[in-house]
Structures are given as C-alpha cells and as structure tokens.
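Enquirer: A single structure is presented below for examination.
Chains as they are written, first to last, in the working numbering: chain U, 2 to 210; chain C, 19 to 124.
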C-alpha cells in the first residue's frame, strides 16, 4: 500500500476526477442492487454507466467512453427500461417519488452537477485529447494510417477511434464479422421469443401482454 | 508495464473493477427480479471492460480496447435475448420473479 501511495507525486486533477467518478460508480452500483423498485435501480445503472464513461475519458480511451455512452447508457438501457415498463406492477412508487418536490429538486441538482463534472473531465482531465495517435497521422490535406508501426504488431494504445478502428479492421476482422452474425442471430431469436403464438386466437387479444 | 495511467496508479482501477464485480455478483445472487439480475450482469461485464481498458493502457496495446468493443456487442445481444425471454416467461407465469420458475427442477 505504501508504494502505491508513493506513486502519486501530486494530487492532480485526473486523480480528483477519478475519485469523484469512482465514488459515484460504487454508490450507484450498490443502489442498483439494493433498491426495492426496479425502475430506480435502472436509473442508478444509467448514472453508473455515465460515471464509468467518465473514468474511461480520464484514462484517455475516448472511443470506449463514447461507445459506453452510446451502447450501454443509450441502447441497452432503453431496452431494459422498456421491458421494466411492460412488466412493472409498482409504477405508483415512482409517481410517489415524483410528487415530492424536494427529492425531485435535489436529484436534478445532483444530475446537473454530475453532468458538469463529466463535461469538465472530458475537457480538462483527458491527457492526449488533442494528440493524434501512433499509427495515424494527419498532414495538411490527408490522413495517413501507418500500420503496423515498425517492429510491433500492434498500434500504441492512444484510444482514439482511428487506432481502435485500425486494430479492429486489420487484426480482428474475423471476430468482427462473427459478431455481426451473432447480433443477427440474437435479433431473430429475440423476435421469435417475444412474439405471440400465431394460432392463439381470441384469448390472446385481451391478454395484457 | 506502465504503473501509472494519466497520473493514477493501475491498482486503483483494478480495485474499482473488483468492487464493481463483487457488487454485480451480489446482485445476481440476492435479487429475485429477473430484470434486476440482468442489470447486475451488466455491472459484471462493465467491471471486466474496465480491467481490459486498464491493461490496454498500461501495456500500450490497443487489443484490449478492441475486446471491449466486442464485449459491448455481446452484452447488447445478451440483453436482447434475455429480455425477450423475460417477456415470454412473464406472459406464461404473470411474474418476473425467478423463484417461481421451477419447471426445470428435477
């Protein structure tokens, strides 16, 4: 533990943002597990995804941070909340929460503060934010990929979309294509699982789902 | 292996990922609502993503971040199929409580 402490020479802004986002991350993760109302845990999970995106931003993995917000906080959470709303028998808990103005105002202030922190982390806390990665070079008019860099088989991890994309499409083409097949199979399976039985007739009409 | 990522020691990230993983496992074990169990699985996958990005940065090798991209795709597929399963089960049993699913018990 002592050597870890001695690694930190100065209390930098990155470290402050790491502790901020780490605390929010752990707190909201605990809230996901221990909240009684599933809708509240879903909202906590959204905050947890956003704070993890902030941590990725601090680490300089900007592409991963973007994908975290797009895929997890966007697509997957829409799916989860949609299913929760379809299944929910306890929607009155949420409306009771929304009727309390103090709670709503404090939650809004917390969200505002949180997104301001995320914005500042992406602006100030990110090292190499305005540096082009190795393996990718912009001249006056053109962008050039240099891959592989001499003597290595992998590009340096600078975390922008260009380097990750170069590694994906040059080194991991086969897994990428397999992922597309897997997504297709998953979508077809989801449709087959969630559709109504075709011959169900009149009783399916007044069923709630 | 670089011990610092933008001024933060690597063990900090790994510790955070470990805590998140433990919370996710706890949620899978103690919760009864199927959708909350799926959310806990997302917590576990996110902690693994954090470990991948940490070592990708620490070892200066981009492959870890490519794997994170794949994990995200797998998580999306898992969420689609799993939630469709939850809806199909809810239509049969009128409940999303995993305690009431005992058809495969023997």
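C-beta atoms are modelled at their ideal positions from N, C-alpha and C, and glycine is treated no differently.
Take residue 38 of chain U as the anchor and find which of C:67, C:56, C:51 has the nearest alpha-carbon.
Expert: C:51
Enquirer: Should residue 178 of chain U be labelled buried (16 or more other beta-carbon atoms within 10 Å of its own) or exposed?
Expert: exposed
Enquirer: Do you know how far the Cα of residue 92 of chain C is from the Cα of residue 181 of chain U?
Expert: 10 Å
Enquirer: Straight-line CA distance for residue 12 of chain U to residue 61 of chain C?
Expert: 29 Å
Enquirer: Would you list, in chain order, the members of the segment 53-84 of chain C that have their beta-carbon closer than 8 Å to a beta-carbon of chain U?
Expert: 53, 54, 56, 57, 58, 60, 61, 64, 67, 68, 71, 72, 74, 75, 77, 78, 79, 80, 81, 82, 83, 84
Enquirer: Judging by CA-CA distance, which residue of U:165, U:87, U:197 is the nearest neighbour of residue 84 of chain C?
Expert: U:165
Enquirer: For the segment 167-196 of chain U, which segments carrying the alpha helix (DSSP H) assignment without a break, of at least 4 residues, lie completely within its bounds, in sequence order?
Expert: With a minimum length of 4 residues, the continuous alpha helix (DSSP H) runs that stay inside the segment 167-196 of chain U are 174-195.
Enquirer: Note down, in chain order, each residue of its chain lying with its Cβ closer than 7 Å to the Cβ of residue 153 of chain U, except the 5 sequence neighbours on either side.
Expert: Legend: pLDDT at residue 153 of chain U = 46, less than 50; position of this residue unreliable, no value from coordinates given.
Enquirer: Rank U:111, U:33, U:60 by C-alpha distance to the C-alpha of residue 22 of chain C and give the top, closest one.
Expert: Nearest to residue 22 of chain C by alpha-carbon distance, out of U:111, U:33, U:60, is U:60.
Enquirer: Using only the alpha-carbon positions, how far apart do residue 81 of chain U and residue 28 of chain C sit?
Expert: 32 Å
Enquirer: Should residue 151 of chain U go down as buried or exposed, given a rule of 16 or more other Cβ atoms within 10 Å for buried?
Expert: Caution is warranted here: a pLDDT of 47 is assigned to residue 151 of chain U, below 50, making its placement in the model unreliable, and the coordinate value is therefore given only provisionally. Of the residues assessed, residue 151 of chain U falls on the exposed side of the cut-off, its CB having fewer than 16 other CB atoms within 10 angstroms.
Enquirer: Output yes or no for whether 7 Å exceeds the beta carbon distance between residue 46 of chain U and residue 122 of chain C.
Expert: no
Enquirer: Count the other CB atoms within 10 Å of the CB of residue 197 of chain U; is the residue buried (16 or more) or exposed (fewer)?
Expert: exposed
Enquirer: Measure the alpha-carbon distance for residue 117 of chain C versus residue 105 of chain C and round it to whole angstroms.
Expert: 16 Å
Enquirer: Got a sec: which bits of the segment 38-59 of chain U sit with their beta carbon under 8 Å from any beta carbon on chain C, in order along the chain?
Expert: 39, 42, 43, 46, 49, 50, 53, 56, 57, 59
Enquirer: Looking at chain C, which residues of the segment 12-34 of chain U have a Cβ within less than 8 Å of any of its Cβ atoms?
Expert: 13, 15, 16, 19, 23, 26, 27, 30, 31, 33, 34
Enquirer: Closest by CA to residue 85 of chain U, which one among U:173, U:22, U:43, U:73?
Expert: Closest by alpha carbon: U:43.
Enquirer: List, from N- to C-terminal side, the alpha helix (DSSP H) runs of 4 residues or more that fit wholly inside the segment 53-112 of chain C.
Expert: 81-111
Enquirer: Tell me where the alpha helix (DSSP H) around residue 57 of chain U begins and ends.
Expert: 39-60
Enquirer: Excluding the five sequence neighbours on either side, which residues of its own chain have a C-beta within less than 7 Å of the C-beta of residue 88 of chain U, listed in chain order?
Expert: none
Enquirer: So which residues of chain U does residue 104 of chain C contact, with C-beta pairs closer than 8 Å?
Expert: 84, 88
Enquirer: Express the C-alpha separation of residue 112 of chain C and residue 167 of chain U in angstroms, rounding to a whole number.
Expert: 48 Å
Enquirer: If the cut is a Cβ gap below 8 Å, which residues of chain U does residue 34 of chain C touch?
Expert: 23, 26, 27, 56
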